[in-house]
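So the sequence shown is numbered by UniProt numbering: it starts at 1 and just counts up by one.
For every residue, glycine included, the Cβ atom is placed at its ideal position computed from N, Cα and C.
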Amino acid sequence: IVIHPICKNDLMKEVRKLKDTYDQYVIDKFSKDNKKLVLRLPPYHCELNPIELAWSSVKSYVRTHNNTFKIKDVLELLKKGVEHVTPEMWTNFVGHVIKEEDKFLNLDHLSDEVMDGQPDEEERHILTIGTGDTSSSYLDSD
């Protein structure tokens, strides 16, 4: 419990200390007890999930074969669309995701190189804008 005023950075450090005691999910305990691993995909990155590619294939199958637009027929098309996804297709989906992961890893290394290449603070050039007197600006003389 924080009683005195605290800055945001210090507050976040305190939160990190306590977070693990409260962030527990039933599935994590179940998987740990059964010696299984839970794979959590990053949110908003459907390109890293092969299920999204399979689902896209199923939807495409339904869309191209749907003539009646009746729910009963769509349900049957959905089942056929799922059956239409072959092990070979799944292998290709996983391969595509691995390529996307590699792209992200390369970008991550590239951004690390750029950030590591930044000069030390004492070597940086600092440009200050808006604190000087503008009355004698060279723009006033034509």
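Next item on the list: My understanding is that residue 58 touches residue 85, with C-beta atoms under 8 Å, so please give their C-beta distance in whole angstroms.
Entry: In the sequence shown, residue 58 corresponds to position 58, counting from 1. In the sequence shown, residue 85 corresponds to position 85, counting from 1. Yes, residue 58 and residue 85 are in contact; Cβ-Cβ is about 7 Å, under 8 Å.
Margin query: Taking its Cβ as the centre, do 16 or more other Cβ atoms sit within 10 Å of residue 26, making it buried, or is it exposed?
Written below: Here the question's residue 26 lines up with position 26 in the sequence shown. Residue 26 should be labelled exposed.
Margin query: Spatial neighbours of residue 46 within its chain, please: C-beta separation below 6 Å, excluding the five flanking residues on both sides.
Written below: Taking the sequence shown and counting its residues from 1, one reaches residue 46 at position 46. Excluding positions up to five away in sequence, the list reads 52.
Notebook entry, point to check: Which of helix, strand or coil does DSSP assign to residue 96?
Noted result: Taking the sequence shown and counting its residues from 1, the one referred to as residue 96 is at position 96. Helix.
Notebook entry, point to check: Taking Cβ to Cβ, would you say residue 50 is nearer than 8 Å to residue 82?
Noted result: The sequence position of residue 50 within the sequence shown is 50, counting from 1. The sequence position of residue 82 within the sequence shown is 82, counting from 1. No, Cβ-Cβ distance for residue 50 and residue 82 is not below 8 Å.
Checklist line | Contacting residues, own chain, Cβ-Cβ under 6 Å from residue 32 (five flanking each side not counted) | finding: The sequence position of residue 32 within the sequence shown is 32, counting from 1. Excluding sequence neighbours, residue 32 sits near nothing in its chain.
Note to self: Checking 8 Å against the spacing of the C-beta atoms, do residue 61 and residue 80 come in under that value?
What the structure shows: As a first step, residue 61 must be located in the sequence shown, where it is residue number 61. As a first step, residue 80 must be located in the sequence shown, where it is residue number 80. It is a contact, given that the beta carbons lie within the stated cut-off.
Next item on the list: Within its chain, find whatever has a CB closer than 8 Å to the CB of residue 100; leave out the 5 residues flanking it on each side and keep chain order.
Entry: Against the sequence shown, residue 100 aligns to sequence position 100. Only 47, 48 meet the Cβ criterion.
Margin query: Rounding to the nearest angstrom, what Cα-Cα distance links residue 14 and residue 90 in this structure?
Written below: Numbered from its first residue, the sequence shown carries residue 14 at position 14. Numbered from its first residue, the sequence shown carries residue 90 at position 90. When rounded, the distance between both Cα atoms is 44 Å.
Check: Just to confirm, are residue 38 and residue 23 a CB contact at a threshold of 8 Å?
Finding: Residue mapping note: residue 38 aligns to position 38 of the sequence shown, counting from 1. Residue mapping note: residue 23 aligns to position 23 of the sequence shown, counting from 1. Contact: no.
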